[in-house]
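Colleague: I'd like to ask you about the structure that follows.
Number of protein chains: 2
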Amino acid sequence: MSGLSAFGIGIASAQDTPPVLKGEGNGKRVIILGAGLAGLVAAYELGKKGYQCQVLEARHYAGGRVQTARTGFVLPQLGQEDEVCDFDEGEYFNHGPWRIPYHHRSTLHYTRELGIPLEIFVNHNEAAFVYREAAGPLSGRAVRQKEVIADMRGHAAEILAKHVDQDALDIPLTQEEREKFLEFLVGEGQLERNSLDYLGTGGRGYLQEPGAGLNPGEASTPHSLSALLQSDLYGIVSSVSGFTQQKTMFQPIGGMDRIPQAFEKALGDVISFGSQVTRLQQNGEQVLVDYRTRETGESHQVAADYCLCTIPLSVLRGIENDFSAEFQSAIEAVSYTPTCKLALQMKSRFWEVEDHVFGGHSFTHNSETGNISYPSTGWQSQKGVLQGVYNFGSNAAQFSALDKSQRIEKALSVGGKIHASYRREFETAFSTAWHLVPENLGGWASWSSEARETSYPLLNEPQGRVLLAGEHLSYMTGWMAGAIESAWLQIEKLHELAMEAG
Amino acid sequence: MSGLSAFGIGIASAQDTPPVLKGEGNGKRVIILGAGLAGLVAAYELGKKGYQCQVLEARHYAGGRVQTARTGFVLPQLGQEDEVCDFDEGEYFNHGPWRIPYHHRSTLHYTRELGIPLEIFVNHNEAAFVYREAAGPLSGRAVRQKEVIADMRGHAAEILAKHVDQDALDIPLTQEEREKFLEFLVGEGQLERNSLDYLGTGGRGYLQEPGAGLNPGEASTPHSLSALLQSDLYGIVSSVSGFTQQKTMFQPIGGMDRIPQAFEKALGDVISFGSQVTRLQQNGEQVLVDYRTRETGESHQVAADYCLCTIPLSVLRGIENDFSAEFQSAIEAVSYTPTCKLALQMKSRFWEVEDHVFGGHSFTHNSETGNISYPSTGWQSQKGVLQGVYNFGSNAAQFSALDKSQRIEKALSVGGKIHASYRREFETAFSTAWHLVPENLGGWASWSSEARETSYPLLNEPQGRVLLAGEHLSYMTGWMAGAIESAWLQIEKLHELAMEAG
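So the sequence lines, in the order shown, correspond to chains V and B.
For the first sequence, full-length UniProt numbering begins at 1 and goes up steadily by one.
For the second sequence, full-length UniProt numbering begins at 1 and goes up steadily by one.
What follows is the structure in structure tokens.
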């Protein structure tokens, strides 16, 4: 990903394309546990190589956590009434993965190969708001992020520029570099070139925007540095966005489940739905998997030459198996992040029409509910689905203890501080607590540094004829690319085993 | 556009919705010169109020500069062979306006009212490149913009933070604010919290990206401040983007000409195409417009109660008229910006597949050709149309003196420094020099401060029964919103005249 790759010097890595598997599978049987993204990718690639794959999936649909809620969609959650989506026809919400950054080349490899049309996911919108209640003169006001960004950088550049100009700093630059550095600060901070004062900039917004006729616009006044600091607004500013959050970002047109649906179509009839794994064993010759058909309650056993198990470790640890004690303890070593999302269908897109916010996130003061995210689809249509809650860890655990009407009330109360029409336009909600979803028991694997050292490497190694795969076996936990690339790595190892066995 | 508007305190302005015209047009005849966006908007709104509008348009299609080049599209330009678009079926290029920022509420008013589906135009992509050849160790290398942005801000924050930490600066902050300011700098610059050193950040990119299995990724090393300064890369960094360039930005799905097409459909049969205005006169009773039918060469005269003239001033000054000498001299006072675009159809989307650039702009070293812009549509499809040239002023004037193959050669030579496959994948081009397009004679009006004072106000005033409108009568020259909002202002004045006349 350096500039060199622009000249093709970089070599396509394990993150770009599936492994090239030399030799053929020759009908060897592979049983794949779980039709999430890792399982789908494995079945797809191994199938191409002549392996005979069967996928056991507990749910009646493929995708694992890659789900999209539409009218009629039901998500059972432990200790809760079944969550039933009652959105209007055409409205939907990705309550699992929702974003594909441009550098997740493995994910984009498949959207391209399978012909899944993409649209932009707006992950940055400085015209959205930040709202804080802590203290300071900007407390309790919805402030556009661009005001904070322009002003914090403007004030900081002014301070630095004036000291550089007076030669008051200890910096290892030549005179020529110093002049260029000053030029940088003037541009970065939008400073007056002579006084080096920061007096505001059009980019932070206008009191009156320039228009037609005799309206040249009226400039706005910056917030003072003290006000921004006292009001704790400055934390939203960062030189570049974090790697996983970077533009350009995508989503499939129509919902994230377009991805598993495309795999399912390409795979044909290899997935056994409603098949819940109850036991995983192996001998020197084969792997034996017991499973229960959910609909009938009947038990079955299937034998295979190899097994790729993509079941989340949070669930796998509850399934009878004959792994070594060391391996079992490695499976136990990871924790899974509790996380909730609450989607709010609104009668109108007031955030677009009234508040001129098109996509992106508003940063709320409330970590119980987290930030508000606006839909990146259906621009200017009548209704829309907001992400009103996205929380993690203990906030999520506590939030999921509320009943649904309490969850909605929390979300409306936070959103109402930013958008006047938030509560009035609310129509219906879809609520997810991933740690309560029985097939997942958590949002994603969360590795401590210690467990990464002690347990993680072992879980990546084949155990006899069984290999694991999934986002949990990656340094991109919680992302589809982690699941895909883990599958790529593990089928390569599986194929090696099969080739060695001859 | 302040946070207050979030609570509906702001009043819908002249920039949000068309003027509310009290009373009815009662069939009064309005002749509108030009079916560009100003003319279309005027005909649409006046038609709603019962005026009898006729639009004279020299071209055989509506939209003015709002054009989209597709296969078969022909653009005559002075002193050139007709430019004929020979793109593949399905490929297209907006060689006129190409972007709708979220705050152009007047434009978005019509995309919404007329049901024109929008998609995101990616106007910022820090994964695109900057390339300079001036000097310094980074000269002649395509560098990802995010490296420059992260490193410049990181180095600047480090310098400032260390001086703040040592209390070495003269800044008017309390001790508590000072601590928060330090916290801001650590976050903004991604500094090590203890040493306050900038050592790089994941956001600038990795040597090896974190992946699956035993790949935690390998960090990259920042460019030194001296290297960035010497190589003149720092100029791309700015606190926030300029107002007109801000996210969220849109384009109509399928091409910008979807907008005039939607107006045309809504208007019905009021536009006389191929009708070139040759004279504009008025008496106390009516306006008389002479025009020539292009196809037959026949001359006609049409009479109306009022006239709204949206012809670019660059062209209007060459049409016989009976304006006052003062008004004529005001029409002469504005200059029109020469500007060229060159669209390159490429056999493959190598910028996406090889270089992982999805939309946005790469900043070249060459102001003769300007920046390279990547398409924000057709993601991951086979072919695509790049904007290989976008230049202005004297660069554009000189560029348009080249023949087409020379223009293409210039573009390929610049683009080839950034993308290895640029030249090899080139297929065909569509070239526009707006200053040579006879119906426009320039990209947009460019007002000097002096002419804004002396001439501009007069041009906004009704001259008897004639009013002007267009982007040239706005402080948003070159933008569709300027044309729309000028039309809104001027039809309000026209309606007032009509009401006064009774």
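We put the beta carbon where it would ideally sit given N, CA and C, even for glycine.
Remember, it's a predicted structure, so these values are computed and weren't measured experimentally.
#1: Identify the contact partners of histidine 361 of chain B in chain V, using a Cβ-Cβ distance below 7 angstroms as the criterion.
#2: Mind checking the stretch 359-393 of chain V against chain B and listing, in chain order, the residues whose C-beta falls within less than 8 angstroms of any C-beta there?
#3: Considering Cα atoms alone, identify which of V/Arg452, V/Tyr390, V/Gln463 and V/Thr278 is closest to phenylalanine 430 of chain V.
#4: In whole angstroms, what is the alpha-carbon distance linking isoleucine 372 of chain V and serine 449 of chain V?
#5: Nearest CA to the CA of alanine 43 of chain B: which residue from B/Trp444, B/Ser486, B/Phe263 and B/Pro375?
#6: If you draw a straight line from the alpha carbon of glycine 187 of chain B to that of glutamine 245 of chain V, how long is it in whole angstroms?
#7: Would you mind stating whether residue 504 of chain B and histidine 104 of chain B have Cβ atoms separated by less than 7 angstroms?
#8: Would you check if the distance between the CB atom of proline 438 of chain V and the CB atom of leucine 78 of chain V is smaller than 7 angstroms?
#9: Who are the near neighbours of serine 348 of chain B in its chain, counting only those whose CB is closer than 6 angstroms to its CB and skipping five residues on each side?
#10: Can at least three beta-carbon pairs, one atom from the stretch 350-360 of chain V and one from the stretch 374-382 of chain V, be found at a separation below 8 angstroms?
#11: Would you call the CB atoms of leucine 225 of chain B and histidine 124 of chain B closer than 7 angstroms?
#12: When we look at the beta-carbon of proline 260 of chain B and count the other beta-carbons within 10 Å, is it buried (16 or more) or exposed?
#13: To the nearest angstrom, how far is it from the Cα of asparagine 460 of chain B to the Cα of aspartate 197 of chain B?
#14: Measuring only between beta-carbons, confirm whether glutamate 113 of chain B sits less than 7 angstroms from chain V.
#15: In chain V, which residues lie less than 9 angstroms from leucine 458 of chain B when you measure between Cβ atoms?
#16: DSSP state of asparagine 391 of chain B, grouped into three classes?
#17: Would you grab the beta carbon distance between serine 474 of chain B and serine 486 of chain B for me? Rounded to a whole angstrom, and I think it's under 8 angstroms.
#18: Counting C-beta neighbours from all protein chains within 10 Å, is the total for isoleucine 31 of chain V 16 or more, i.e. buried, or is it exposed?
#19: Would alanine 433 of chain V pass as a contact of cysteine 340 of chain V if the rule is Cβ separation under 7 angstroms?
#20: Nearest chain V C-beta to residue 541 of chain B closer than 7 angstroms, yes or no?
#21: Could you say which of B/Glu113, B/Gly242 and B/Phe184 lies nearest to valine 236 of chain V if we only look at CA atoms?
#22: Helix, strand or coil for leucine 4 of chain B? Go by DSSP, reduced to three states.
#23: Quick check on glutamine 251 of chain V - is its C-beta less than 7 angstroms from some C-beta in chain B?
#24: Within the 7 angstroms Cβ cut-off, does histidine 356 of chain V reach chain B?
#25: Using the rule of at least 16 other Cβ atoms within 10 Å of the residue's Cβ for burial, across every protein chain shown, is histidine 300 of chain V buried or exposed?
#26: If leucine 37 of chain V and glycine 64 of chain V are in contact, beta carbons under 8 angstroms, what's the gap, nearest whole angstrom?
#27: Output needed for serine 231 of chain B: all residues of its chain with C-beta closer than 6 angstroms, excluding positions within five of it in sequence on either side, in chain order.
#28: Closer than 7 angstroms, CB to CB, is alanine 262 of chain B near chain A or not?
#29: According to the Cβ coordinates, are glutamine 54 of chain B and glycine 96 of chain B closer than 7 angstroms?
#30: Is the CB-CB distance between valine 20 of chain B and isoleucine 484 of chain B below 7 angstroms?
#31: Strictly below 7 angstroms CB to CB, what residues from chain B border glycine 202 of chain V?
#32: From what residue to what residue does the alpha helix (DSSP H) around proline 457 of chain V run?
#33: Once you ignore the five residues that flank leucine 468 of chain B on each side, which residues in its own chain have a CB closer than 6 angstroms to its CB?
#34: Name, going along the chain, the residues of the stretch 178-196 of chain B whose beta-carbon falls closer than 8 angstroms to a beta-carbon of chain V.
#35: Three-state secondary structure (DSSP) at histidine 472 of chain B?
#36: In the DSSP assignment, find the beta strand (DSSP E) that holds valine 287 of chain B and state where it starts and stops.
Modeller: In terms of the structure at hand:
#1: Here residue 361 of chain B refers to the residue found at position 361 of the second sequence. Chain V residues near histidine 361 of chain B: none, gap ~12 angstroms exceeds 7 angstroms.
#2: Gly359, Gly360, Ser376, Trp379 and Gln380
#3: Here residue 430 of chain V refers to the residue found at position 430 of the first sequence. The option with the nearest alpha carbon to phenylalanine 430 of chain V is V/Tyr390.
#4: If you number the first sequence from 1, residue 372 of chain V lands on position 372. If you number the first sequence from 1, residue 449 of chain V lands on position 449. Looking at the two C-alpha atoms, the distance is approximately 31 angstroms.
#5: Residue mapping note: residue 43 of chain B aligns to position 43 of the second sequence, counting from 1. If we check each option's Cα against that of alanine 43 of chain B, B/Phe263 comes out closest.
#6: Here residue 187 of chain B refers to the residue found at position 187 when the second sequence is read from its first residue. Here residue 245 of chain V refers to the residue found at position 245 when the first sequence is read from its first residue. Between glycine 187 of chain B and glutamine 245 of chain V, the C-alpha separation is close to 16 angstroms.
#7: Nothing can be reported for residue 504 of chain B: it is not among the residues displayed for chain B, which extend from 1 to 502.
#8: Position 438 of the first sequence, counted from the start, is the residue given in the question as residue 438 of chain V. Position 78 of the first sequence, counted from the start, is the residue given in the question as residue 78 of chain V. Cβ distance < 7 angstroms, so proline 438 of chain V and leucine 78 of chain V count as in contact.
#9: The count along the second sequence starts at 1 and reaches residue 348 of chain B at position 348. Excluding residues within five positions, the ones whose Cβ falls inside 6 angstroms are Glu425.
#10: yes
#11: Looking up residue 225 of chain B in the second sequence gives position 225. Looking up residue 124 of chain B in the second sequence gives position 124. Not a contact, by the Cβ cut-off of 7 angstroms.
#12: If you number the second sequence from 1, residue 260 of chain B lands on position 260. Label assigned to proline 260 of chain B: buried.
#13: Within the second sequence, numbered from 1, the residue matching residue 460 of chain B stands at position 460. Within the second sequence, numbered from 1, the residue matching residue 197 of chain B stands at position 197. Going from the Cα of asparagine 460 of chain B to the Cα of aspartate 197 of chain B covers about 57 angstroms.
#14: By one-based count along the second sequence, residue 113 of chain B stands at place 113. With 7 angstroms as the cut-off, glutamate 113 of chain B does not count as an interface residue toward chain V.
#15: Here residue 458 of chain B corresponds to residue number 458 of the second sequence, with the count starting at 1. Here the premise fails: no neighbours, minimum Cβ distance about 11 angstroms.
#16: In the second sequence, residue 391 of chain B corresponds to position 391, counting from 1. Strand at asparagine 391 of chain B.
#17: Position 474 of the second sequence, counting from 1, holds the residue named residue 474 of chain B. Position 486 of the second sequence, counting from 1, holds the residue named residue 486 of chain B. The pair is a contact, with the Cβ atoms about 5 angstroms apart (cut-off 8 angstroms).
#18: By one-based count along the first sequence, residue 31 of chain V stands at place 31. Counting Cβ neighbours within 10 Å, isoleucine 31 of chain V comes out buried, since at least 16 surround it.
#19: Counting from one through the first sequence, the residue named residue 433 of chain V turns up at place 433. Counting from one through the first sequence, the residue named residue 340 of chain V turns up at place 340. Yes, Cβ-Cβ distance for alanine 433 of chain V and cysteine 340 of chain V is below 7 angstroms.
#20: Chain B is shown from 1 up to 502; residue 541 of chain B falls before or after that span and cannot be answered.
#21: Residue numbering aside, residue 236 of chain V sits at position 236 when the first sequence is read from its first letter. Here residue 236 of chain V is isoleucine; the residue named in the question, valine, does not match the sequence. When each option's Cα is compared against that of isoleucine 236 of chain V, the closest is B/Phe184.
#22: Within the second sequence, numbered from 1, the residue matching residue 4 of chain B stands at position 4. Bear in mind that a pLDDT of 40 at leucine 4 of chain B, under 50, signals an unreliable position, so the number given afterwards is only what the model happens to contain. Correct three-state label for leucine 4 of chain B: helix.
#23: Indexing the first sequence from 1 puts residue 251 of chain V at position 251. Answer no: the Cβ-Cβ gap between glutamine 251 of chain V and chain B never drops below 7 angstroms.
#24: By one-based count along the first sequence, residue 356 of chain V stands at place 356. Interface residue, yes.
#25: Within the first sequence, numbered from 1, the residue matching residue 300 of chain V stands at position 300. When all chains shown are included, histidine 300 of chain V counts as exposed.
#26: Translated into positions along the first sequence, residue 37 of chain V becomes position 37. Translated into positions along the first sequence, residue 64 of chain V becomes position 64. With a Cβ gap of about 6 angstroms, leucine 37 of chain V and glycine 64 of chain V count as contacting.
#27: Along the second sequence, one-based indexing puts residue 231 of chain B at 231. So the qualifying residues of the chain are Arg132, Gly136, Leu138 and Ser139.
#28: Looking for chain A here will not work: the only protein chains present are V and B.
#29: Taking the second sequence and counting its residues from 1, one reaches residue 54 of chain B at position 54. Taking the second sequence and counting its residues from 1, one reaches residue 96 of chain B at position 96. No, the pair does not count as a contact, with Cβ atoms beyond the cut-off.
#30: Locating residue 20 of chain B in the second sequence gives position 20, where the first residue counts as 1. Locating residue 484 of chain B in the second sequence gives position 484, where the first residue counts as 1. No; because the gap between Cβ atoms is not below 7 angstroms, this pair is not in contact.
#31: Walking along the first sequence from the start, residue 202 of chain V turns up at place 202. By Cβ distance, chain B contributes Gly242 and Phe243.
#32: Within the first sequence, the letter at position 457 stands for residue 457 of chain V. From DSSP, the alpha helix (DSSP H) with proline 457 of chain V extends over 456-459.
#33: To locate residue 468 of chain B, count along the second sequence from 1; it is residue 468. The residues are Cys309 and Leu459.
#34: Lys180, Phe181, Glu183, Phe184, Leu185, Gly187, Glu188, Gly189 and Gln190
#35: In the second sequence, counting from the first residue as 1, residue 472 of chain B sits at position 472. Here histidine 472 of chain B sits in helix by DSSP.
#36: Indexing the second sequence from 1 puts residue 287 of chain B at position 287. 287-293 is the extent of the beta strand (DSSP E) around valine 287 of chain B.
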